[in-house]
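In short: position in the sequence shown from 1, add 34, done, that's our numbering.
Ideal placement from N, C-alpha and C gives every residue a C-beta, glycine not left out.
Note that the structure is a prediction, hence the values are computed from the model and not measured.
Here is the structure we will look at, set down as structure tokens.
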Amino acid sequence: MSSFYSTLIVAIVSVTLFYAQRLLARYFTARRLGCKPPPQLTTSSPATTPQNEVESTPKSATGWFELSAELHERFGSTYQDRGFVNLSINTRDAENVQAIFGYESRGWGVAPFRLAAMAPFCGEGVLTADGHVWEQSRSLLKPAFHKSRISDLSTFETLFDQALAKIPQDASTFDLQPLLMSLVCMRRARKLHCLTLFWFVDTSATFLLGEPLGVLGNTTASGAPLDGLSFHKHFMLSLRAIGIRLKSRWLRFIGPQKESVIHWQLVHEYIDFFVNRSIKMTSDDHKVPPTSLVQALAQQTNDRKFMRTQTIQGMIAAADTTPLLISNTVFLLARHPEVFARLRSEVANITSKPMSLEDTKQSSFLRNILRESLRLYPVFPTLARVALVDTVLPRGGGPDGSSPIFAPAGTRALSNFFALHRDKSVFGANVEEFDPGRWEKISPGPYEYMAFGVGQRACLGRQKAIAEASVALIRIAQEFKSIASRDESAWCGEQRMVCMNVNGCKVAFVPT
């Protein structure tokens with residue numbers, strides 16, 4: 035027994051000395067580099083502490099974005115929140131944002147807080163991995179987003195016209211947001227008696243899998259193990275489980291694992307059907323040009339599990355980006371009729387059917403409307419990273435915020451773009467106003483305006499989302515002479531995998 039206690043004491047002393055030595059080494063390194071701590075978010079603050087990883091919060095986080103902007107106004111462009119386990123640094127300083135998210139930011143990654151939680155469902159890829167695995171995944175996905183692949187907008191326009199046909203023509207109040215979105219539950223769909231709530235699922239599935247899921251008609255791809263509606267249900271329940279695991283962190287194993295695994299397995303079986311079909315189509319005796327992400331992957335690898343992983347990650351990344359951009363923009367246009375009137379005038383000469391990618395670029399005012407919408411209400415309002423090694427942020431420390439900040443390995447860094455896009459020194463004094471005209475006078479840097487991220491991990495689908503949103507707004511401007519707001523509530527962000535207006539987009543469309 036004495037031998038056991040002796041061994042235990044030696045182990046405790048060794049661990050204590052190891053951590054003491056590491057703390058001292060970090061202290062002297064920080065001192066040598068002139069690092070100073072940033073302002074501390076105190077518990078005495080009447081505002082609640084912001085969440086470290088808001089981008090994956092599965093529950094409502096309404097009001098958090100406004101709170102984050104307020105905290106930056108009170109504590110400065112960079113402040114820290116020292117939690118029970120990890121140090122978190124919140125920043126909207128452009129130099130710090132560049133250090134964390136820029137092209138040379140290899141000391142920061144996502145795997146420490148995403149991989150373990152998400153891997154059972156979607157494995158390793160652009161959303162969950164760092165280093166070589168991330169580079170391999172991105173290189174395989176990138177060709178699918180080449181200009182030649184996204185220039186054909188006919189499928190999107192056709193499906194969007196189907197959605198337009200569901201809009202009331204009598205100027206009655208209508209919530210556009212659920213019509214556009216896929217992120218709704220089946221119970222709500224039945225309540226609204228409208229399965230066209232899922233129309234956007236078909237557009238993204240066509241791009242990813244090569245054909246729509248058929249959720250509007252509850253159809254099944256020939257030979258597929260599930261119908262489209264069932265697959266969508268299991269996919270959304272899988273995302274919900276992943277969100278809970280991300281939020282729970284080291285307690286993620288406490289939740290209902292068996293039910294989650296069933297949803298994951300059914301999604302895997304459905305995707306595997308398209309993977310196997312794509313590999314067969316790209317065999318030596320059956321070469322075809324790729325028309326989907328999974329077919330493009332099949333021409334580069336025959337690793338079925340890897341193809342499934344990348345396809346699921348592509349689905350997660352594509353979830354509701356475009357419909358939320360459209361919904362938020364219509365929400366703003368309804369409250370600024372003069373802007374919508376000018377938009378109608380500028381796109382009146384676009385008569386092509388279907389529209390081309392070049393058609394969507396004709397109006398600089400339309401581009402500025404989308405930029406301003408994404409500035410005010412970014413679809414992905416927060417990004418987080420973890421320091422993979424001991425590193426330094428260039429600014430934010432000390433009383434005047436000009437000293438560097440030492441960030442030991444394991445430090446979480448969070449940038450809230452809702453706050454970043456409200457920097458008055460960049461966007462002007464009227465940062466809370468919807469003013470597309472400001473973009474004729476300003477030119478923010480890549481680390482001051484980050485609607486789709488920046489650096490190596492910038493959103494691959496940026497051009498696709500902008501092109502599709504442009505088609506949608508042009509079609510709305512062609513079909514309706516005005517849009518009236520039917521909701522006096524202010525926009526209030528609700529964070530899930532993406533950020534939506536908790537109040538929806540209640541408007542009335544007046545046809546031409």
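Check                                                                                                                                                                                     : Outcome
Does the Cβ-Cβ distance between Gly262 and Gln329 come in under 8 Å?                                                                                                                      : no
Just the Cα atoms here: how many angstroms apart are Arg283 and Leu149?                                                                                                                   : 11 Å
Below 8 Å on the Cβ atoms is my guess for Leu175 versus Leu494; work out the distance and round it to an integer in Å.                                                                    : 6 Å
Once DSSP output is grouped into helix, strand and coil, what is the label at Glu482?                                                                                                     : coil
Output needed for Phe147: all residues of its chain with C-beta closer than 8 Å, excluding positions within five of it in sequence on either side, in chain order.                        : Glu87, Leu280, Arg283, Ala418, Val420, Arg446
If I measure Cβ to Cβ from Phe308 and keep anything under 6 Å in the same chain, skipping five residues before and after, which residues do I get?                                        : Leu243, Val328
Are the segment 361–374 and the segment 511–520 in contact at 8 Å, needing three or more beta carbon pairs?                                                                               : yes
Checking 8 Å against the spacing of the C-beta atoms, do Lys540 and Asp209 come in under that value?                                                                                      : yes
Please state the DSSP three-state secondary structure of Glu89.                                                                                                                           : Unreliable placement is indicated for Glu89, whose pLDDT of 40 sits below 50; no coordinate value is reported for it.
Between which two residues does the alpha helix (DSSP H) carrying Lys458 extend?                                                                                                          : 458–461
Leaving aside the five residues before and after Ser397 along the sequence, list all residues of the same chain whose C-beta is less than 7 Å from its C-beta, in chain order.            : Glu380, Val381
Let me check understanding here. Comparing Cα to Cα, which of Phe340, Ser504, Ile384, Asn450 lies closest to Glu158?                                                                      : Phe340
Between Thr355 and Lys292, what straight-line distance do the alpha-carbon atoms span, to the nearest angstrom?                                                                           : 30 Å
Excluding five sequence neighbours on each side, which residues of the same chain lie with their C-beta closer than 7 Å to the C-beta of Thr50?                                           : none
Helix, strand or coil for Cys533? Go by DSSP, reduced to three states.                                                                                                                    : strand
Pick out whichever of Gly431, Gly277, Pro323, Val413 has its Cα sitting closest to the Cα of Gly110.                                                                                      : Gly431
Quick check on Thr112: does DSSP put it in helix, strand or coil?                                                                                                                         : strand
Could you check whether the segment 345–352 touches the segment 161–175, counting it as contact only if at least three pairs of C-beta atoms, one from each stretch, sit closer than 8 Å? : yes
Go ahead and pull the three-state DSSP assignment for Lys292.                                                                                                                             : helix
Is the segment 463–471 touching the segment 160–169, taking contact as three or more C-beta pairs under 8 Å?                                                                              : no
Taking the CB atoms as reference points, tell me whether Glu482 and Leu454 lie closer together than 8 Å.                                                                                  : yes
Along the beta strand (DSSP E) that carries Ile439, what are the first and last residues, could you check?                                                                                : 437–441
Can you say whether Val364 is buried or exposed, counting buried as having 16 or more other CB atoms within 10 angstroms of its CB?                                                       : buried
So, Asp312 versus Leu366, is the Cβ gap smaller than 8 Å?                                                                                                                                 : For the sequence presented, residue 312 should be read as Ser rather than Asp. Going by C-beta atoms, Ser312 is not nearer than 8 Å to Leu366.
Leaving out five residues before and five after Gly444 in sequence, what residues of the same chain have Cβ atoms less than 7 Å from its Cβ?                                              : Asn120, Val420, Ala421
Which of helix, strand or coil does DSSP assign to Ile384?                                                                                                                                : coil
Quick check on this structure: which residue in Thr316, Thr343, Thr325 has the alpha carbon closest to the alpha carbon of Gln334?                                                        : Thr316
Just mark Phe52 as buried or exposed, buried being the case when its beta carbon has 16 or more other beta carbons within 10 Å.                                                           : exposed
Could you check how far apart the C-beta atoms of Tyr113 and Gln74 are, in whole angstroms? I think they sit under 8 Å.                                                                   : 7 Å
Starting from the Cα of Tyr304, find the closest Cα among Ile508, Ser264, Ser390, Ser37 and give me that residue.                                                                         : Ser264
Using the Cβ count rule (16 or more neighbours within 10 Å means buried), how would you classify Ser188?                                                                                  : exposed
Consult DSSP for Leu260 and reduce its assignment to one of helix, strand or coil.                                                                                                        : coil
Please classify Ile517: does DSSP put it in a helix, a strand, or coil?                                                                                                                   : strand
Give me the Cα-Cα distance between Ser459 and Ser477, rounded to the nearest whole angstrom.                                                                                              : 12 Å
Under the three-state reduction of DSSP, which class applies to Val541: helix, strand or coil?                                                                                            : strand
Given this structure, state the Cα-to-Cα distance separating Asp186 from Leu391, to the nearest angstrom.                                                                                 : 7 Å
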